[in-house]
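Residue numbers (the working numbering), protein chains in the order written: chain A, 19 to 344; chain B, 15 to 289; chain C, 908 to 1189. Since the structure comes first, as structure tokens, the remarks are kept for the end.
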Amino acid sequence: MDSGRSRRIGKGALLLLVCLLPIAMRGNDYFLHVYIVCAINIILASSLRAMATTGQMSIGQAGFMAIGAYTSAILAAKCGIPVYLSMLGGGCAATVLAALIGFPLSRIRTIYFVMVTMFLGEIIRLVVFEASSLTGGSTGLMGIPRPEAFSFFGLLQIDFSNKLHFCYLVLLLLLIILLVLYNIHRSHAGTAFAAIGQEESLSSSVGINVARSKVLIFSVACFFTGLAGSLYAHYMTVLNPDAFGTFTSLYILIYVVVGGRSFFGPIAGAILLTLIPEFFAALKEYQPYVFVLVLFLIVFLLPGGLVDLPRRIRESVRKAPLEEAR
Amino acid sequence: MVEPRVVPPSPTERHPEPSASMFETRKLTRFFGGVCAVNDINLTIGEGEIVGLIGPNGAGKTTVFNLITGFIRPSSGLVMLNGENLVGKKPHAIAGRGIARTFQIAKSFPQFTVIQNMAAAGHLYGGAGFWEGIFRTSPYRSKERSIFDHSMKTLGFVGLEPWKEAVAGTLPHAHQKLLGVAMALATAPKLLLLDEPLEGMSAEEVDRTLEIIAGIRARGTTVLLIEHNMRAVMKICDRIVVINFGQEIARGTPEEVRQNEEVVKAYLGAAEYAG
Amino acid sequence: MFWQGVVNGFSAGWIYVLVALGLTLVFGIMRTVQFAHGEVYMLGAHAVFFACVVLGINIIGAFGIAVVALFILGMLMERLLFRRFRGQIEPSIIVAIGLILLFQTTAVVTFGADEKHIPRFIQGVLVIGGLHIAWDRVLSVIVGAGIMLALYAFIKGTKMGQAMIATSQDMDAATLQGVNVNRVSSVSMGIGSALAAVAGGIMGSIFTVEPFMGSFAITKGLAVIILGGLGSIGGAVIGGLILGLVDGVVSLYSSSTMASIVGFALIVLILIVKPSGLMGGD
């Protein structure tokens, strides 16, 4: 069996394991909760990474998450729209804003883009806060429904108040989103996006429509971010604007940078940094110190992110025999 | 960027007279504030020609390229390709119309491999769409394959095929320049603008690149060339236009230009041009 | 009503100026946005609180201690963390985020998360022509203006100040002229942090001291320096006062949230249209 085939079987097995984990742990509500939160974080991080390939690094994604969350929540809870549709509505609302603001934003240089997104995110959070008759403001929005139950061919009863069932809903959406992002990543468009991130004028001169491409991937990323927000809303069943501040956006950025800029980087980063606060929860208010330590370790020792680790290990192993020979 | 002094288009510019040659610029002018960087440049290039654009440093040659390719907007004047005025179009649209360029300082996508660079540049040739890519349809995948084949052929043509897996940022200087040319060729242009393609090359590399340029013309692409290497310019160009301080000071065949007094004066260092 | 808003805004504006001065100084010289600047401001407030309320030192001494302590902290941050990533946007952001978490957590475990108060320097309200101005706000204006003048004198008058100007214009050229760019960067971050500490202490006495007060400062501070132009000290002053005025006036007619929304929308507009700000060159 050649190495390529055995690698693919290994990856398939890992994927299967990840998919079966919730059933295996079905009694453990805490585990399922972390699993769901982790999956949502992966969606957020992967979306940010996709738009960052064009050089559009945003620290305002929590704002788009908020748009998705509140739109879906209000449509479902106050307008009686089925949750499946309202979640799509949440994603669409986020996309519409992204498309509207995307063109002016596409002309801004990276450092200013970062700052604009921060203020955009803040504006969205403040608007949610201020429009309290609609959103519940600081007291929060409550009574957000879980997706409607249905019956699978009369055999399987799917009821989303059951955490396990919701877990699989999130997992399904996660896999679909990752598949789409992966196909974009290895498609011609993905190459064009990465080209834009390296050299904009060269990209232009070989026929790539830079502005349109930037807006396109920005809108797609915000669609998934809004969708993640909707999932969050219907999972938590309550919403508070504090969850969608710049700090949350910075966390999403950290998942990407710690994990690495490759396709799988944000997945690794989101998983690691979602699990760390849980593992060290016993430290209570001292827990963030662990997080900080990990951040500094990565930025000083492993600037390429977690995905760079295998390469670094291979290189230092290769160097070792030379050291001994001296 | 300082806003240029824009002269509203005259009636003849809004409905330009048809042009005889494949490519021409008419009264191409560009001001930066009060300074006139390019003044009334009228180039005429016929299909299949290799035309040289020469002049001392700072004469405005690269600015002319930037005006033609849409990176800067002219203050006034026209840029006509096959009778169509390209002024006001964005660079990617102009590339789509068939004008490709290289840059004075060799540009590539430094983190990509050579073949990835070519794939990025093959966008126009392949016509692969965004939504098709998500679903990876069969027509999409065959488009990807044809872009790959086209890229490999172009790399072979410039002689970079052995380096196809090399990371572009690590390439030696001459190879980076050739990669720039290959990428411009990948867009299947009608007119190729080369900005100092021989700069920094050894004598052998110069000769090889000149062969490539001749090959480009043989394949049917017209070339407009900025170069300081006078020996090469005299050797390969059919016609030459000389500019200084943004204005044309001479034009003609290499022999005519070589003997032109104004040109000699402009260049001061006669040695560099006596070649 | 309107003029009360103007007065409120003017005094708030000087605090924004103090925060922004530190940010713009650091950006001008180190070309990096110090996202943890708000947390430095927060630590400054806590330092004043600690020295004054816990140790019982008089208020001026407390401010003095806080200034010195945060000056040193600023220099350490530059030397140990930011210097390594000079010019690199993303690592600098990660370092700053790490510092934000570090400082916030330290404040929580050391001082607790509840609100604390720094005693007011002066009690009472000044009433002029129907307008009410709290005396401590008047004082904050005087202190703010005074510090700005002192900073100006420092930059124009001292060798270090001149070195800072040279470095902010062209780091390489300054190095060639014999400027110790590393020392200039350290001092800049030190001064910037000290300024933030003063702003934090003042805000802590007018309002409250708590570990999460920093996010207010960094968002306002960043808004000011974008408005006024990144790296421009004059811009920081003008931007701070303008933003303060917008906040003051809109707050009275609507709410402070609405004021922030209007202010930030203005910033977004500026970033789209003229990112270099009111006084920026670019």
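Built from N, CA and C at the ideal position, the CB exists for glycine as well. Being a predicted model, the structure only gives us computed values, none of them experimental.
Where the region 1113 to 1133 of chain C meets chain A: residues whose CB sits under 8 Å from a CB there: S1122, T1126, L1129, A1130 and I1133
Straight-line CA distance for B:L57 to B:M132? The residue given as residue 57 of chain B occupies position 43 in the second sequence. The residue given as residue 132 of chain B occupies position 118 in the second sequence. Approximately 30 Å between the Cα atoms of the pair.
Just curious, the beta strand (DSSP E) that B:G66 is in, first and last residue? Residue numbering aside, residue 66 of chain B sits at position 52 when the second sequence is read from its first letter. Here the beta strand (DSSP E) through B:G66 covers I64 to I68.
When we look at the beta-carbon of A:N59 and count the other beta-carbons within 10 Å, is it buried (16 or more) or exposed? Residue 59 of chain A sits at position 41 when you count from the first residue of the first sequence. The residue in question, A:N59, is buried, as its Cβ has 16 or more Cβ neighbours within 10 Å.
C:F970 (DSSP reduced to helix, strand or coil): Within the third sequence, residue 970 of chain C is the residue found at index 63, counting from 1. Looking at C:F970 - three-state DSSP - the assignment turns out to be helix.
Can you confirm whether B:H187, when its beta carbon is compared against all beta carbons of chain A, has any partner nearer than 8 Å? Residue numbering aside, residue 187 of chain B sits at position 173 when the second sequence is read from its first letter. No, B:H187 does not count as interfacial toward chain A.
Only counting the same chain, and skipping five residues up and downstream in sequence, which positions put a Cβ closer than 8 Å to that of C:F917? Along the third sequence, one-based indexing puts residue 917 of chain C at 10. Here the set comprises V1048, L1148, G1151, L1152 and G1155.
Interface partners of A:Q216 on chain B, CB under 8 Å: If you number the first sequence from 1, residue 216 of chain A lands on position 198. The contacting residues are F123, P124, Q125 and F126.
CB contact below 8 Å: C:V1157 versus chain F: Looking at the structure shown, chain F is missing, and the protein chains on hand are A, B and C.
Compile a chain-ordered list of the residues in the region 60 to 92 of chain B whose CB is closer than 9 Å to at least one CB of chain A. T83, G84 and F85
Give me the chain B residues within the contact set of A:A207, using Cβ-Cβ distance strictly less than 7 Å, ordered along the chain. Residue mapping note: residue 207 of chain A aligns to position 189 of the first sequence, counting from 1. Per Cβ cutoff of 7 Å: F144 and G147.
So, is the C-beta of C:S1167 closer than 8 Å to a C-beta in chain A? For the purposes of this step, residue 1167 of chain C is taken as the residue at position 260 of the third sequence. Answer yes: the Cβ-Cβ gap between C:S1167 and chain A drops below 8 Å somewhere.
Quickly, what does DSSP pair B:E38 with across the bridge? List them, please. For this step, residue 38 of chain B is matched to residue 24 along the second sequence. Per DSSP, B:T58 and B:M94.
Contact check, B:K191 vs B:P211 under 8 Å by CB: the rounded distance? The residue given as residue 191 of chain B occupies position 177 in the second sequence. The residue given as residue 211 of chain B occupies position 197 in the second sequence. Indeed they touch by this definition, with Cβ atoms about 6 Å apart.
Leaving out five residues before and five after A:F170 in sequence, what residues of the same chain have Cβ atoms less than 8 Å from its Cβ? As a working note, residue 170 of chain A is residue 152 in the first sequence. Within the same chain, A:F170 has close Cβ partners I176.
Helix, strand or coil: which one does DSSP assign to B:T127? The sequence position of residue 127 of chain B within the second sequence is 113, counting from 1. B:T127: strand per DSSP, three-state reduction.
Is the CB of B:Q273 under 8 Å away from at least one CB in chain A? Taking the second sequence and counting its residues from 1, one reaches residue 273 of chain B at position 259. For B:Q273, the answer is no, since every Cβ of chain A falls outside 8 Å of its Cβ.
Helix, strand or coil at C:A1057 according to DSSP, with G and I counted as helix: Position 150 of the third sequence, counting from 1, holds the residue named residue 1057 of chain C. Residue state, collapsed to three classes: helix.
Buried/exposed call for C:A927, threshold 16 Cβ in 10 Å: By 1-based counting over the third sequence, the position of residue 927 of chain C is 20. By the 10 Å Cβ count, C:A927 comes out buried.
Chain A beta carbons: is any one of them nearer than 8 Å to that of B:P18? Working through the second sequence from its first residue, we reach residue 18 of chain B at position 4. Only weak support is given to the placement of B:P18: the predicted model assigns it a pLDDT of 47, under 50, and the question is left unresolved by the model.
Between which two residues does the alpha helix (DSSP H) carrying A:Q79 extend? As a first step, residue 79 of chain A must be located in the first sequence, where it is residue number 61. Segment Q79 to C97, the alpha helix (DSSP H) holding A:Q79.
Once you ignore the five residues that flank A:F345 on each side, which residues in its own chain have a CB closer than 6 Å to its CB? Since the first residue shown for chain A is 19 and the last is 344, residue 345 of chain A is missing from the structure and cannot be characterised.
Quick check on DSSP: helix, strand or coil for B:R44? Within the second sequence, residue 44 of chain B is the residue found at index 30, counting from 1. B:R44: strand per DSSP, three-state reduction.
Going along the chain, which residues of the region 134 to 163 of chain A sit with their C-beta nearer than 8 Å to a C-beta in chain C? V134, M136, F137, L138, E140, I141, L144, V145, F147 and E148
Neighbouring residues, chain A, relative to B:T312 (Cβ below 8 Å): Limits of chain B in this structure are 15 at one end and 289 at the other, which puts residue 312 of chain B out of reach.
Following the continuous alpha helix (DSSP H) through B:E175, name the residue where it begins and the one where it ends. Start at 1 with the first residue of the second sequence, and residue 175 of chain B comes out as number 161. Counting along the chain, B:E175 falls outside any alpha helix (DSSP H), and DSSP gives it neither H nor E.
In the DSSP assignment, find the unbroken beta strand (DSSP E) run with B:T236 in it and report its ends. As a working note, residue 236 of chain B is residue 222 in the second sequence. Here the beta strand (DSSP E) through B:T236 covers T236 to I240.
Cβ of B:L138 within 8 Å of Cβ of B:T201? Taking the first residue of the second sequence as 1, we reach residue 138 of chain B at position 124. Taking the first residue of the second sequence as 1, we reach residue 201 of chain B at position 187. Contact flag set, yes.
Listing by chain order, which chain B residues have their CB less than 7 Å from the CB of A:I202? Start at 1 with the first residue of the first sequence, and residue 202 of chain A comes out as number 184. What A:I202 touches in chain B: G147 and I148.
Which partner residues does B:D209 have in the DSSP bridge list? As a position in the second sequence, residue 209 of chain B is number 195, starting the count at 1. According to DSSP, B:D209 bridges with B:I240.
Over what stretch of residues does the alpha helix (DSSP H) that includes C:V1032 continue unbroken? Taking the third sequence and counting its residues from 1, the one referred to as residue 1032 of chain C is at position 125. Per DSSP, C:V1032 belongs to no alpha helix (DSSP H); it is in the beta strand (DSSP E), V1032 to I1035.
Using a Cβ cut-off of 8 Å (strictly closer), state whether A:V198 contacts chain B. As a position in the first sequence, residue 198 of chain A is number 180, starting the count at 1. True, the Cβ-Cβ gap to chain B drops below 8 Å.
Does the beta-carbon distance from C:A973 to C:A954 come in below 8 Å? Locating residue 973 of chain C in the third sequence gives position 66, where the first residue counts as 1. Locating residue 954 of chain C in the third sequence gives position 47, where the first residue counts as 1. Yes, the Cβ-Cβ distance between C:A973 and C:A954 is below 8 Å.
With a 10 Å radius around its C-beta and 16 neighbouring C-beta atoms as the bar for buried, classify B:D209 as buried or exposed. Walking along the second sequence from the start, residue 209 of chain B turns up at place 195. Flag for B:D209 reads buried.
Our contact map puts A:Y253 next to A:I54 with C-beta atoms below 8 Å; I'd like the distance itself, whole angstroms only. The sequence position of residue 253 of chain A within the first sequence is 235, counting from 1. The sequence position of residue 54 of chain A within the first sequence is 36, counting from 1. That belief holds up - the Cβ atoms of A:Y253 and A:I54 are roughly 6 Å apart, short of 8 Å.
Give a yes or no on whether the C-beta atoms belonging to A:Q79 and A:L93 are separated by under 8 Å. Residue numbering aside, residue 79 of chain A sits at position 61 when the first sequence is read from its first letter. Residue numbering aside, residue 93 of chain A sits at position 75 when the first sequence is read from its first letter. No, the pair does not count as a contact, with Cβ atoms beyond the cut-off.
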